[in-house]
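A.B. asks: Quick one: the structure is below, questions incoming.
Residue numbers (this note's numbering): 21 to 77.
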């Protein structure tokens with residue numbers, strides 16, 4: 021692990037990162053309001069049940 025982190029940092033320092041701002045803006049605009057994201061923004065505890073309701077223990 022101690023050799024991995026410096027290697028990752030080296031890769032990040034050499035990488036050329038480009039962003040397609042137009043595409044990102046279009047994706048943000050097309051994104052539907054996610055109820056979980058909206059709840060998390062309120063800063064209160066959130067309980068999310070991702071079960072199907074048919075999986076009874």
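Ideal Cβ positions, reconstructed from N, Cα and C, are used throughout, including at glycine.
1. What does the alpha-carbon distance come out to for the pair residue 23 and residue 38?
2. How far does the alpha helix (DSSP H) with residue 55 in it extend, from its first residue to its last?
3. How far does the alpha helix (DSSP H) with residue 49 in it reach, from first residue to last?
C.D. replies: The short version:
1. 27 Å
2. 55-61
3. 41-50
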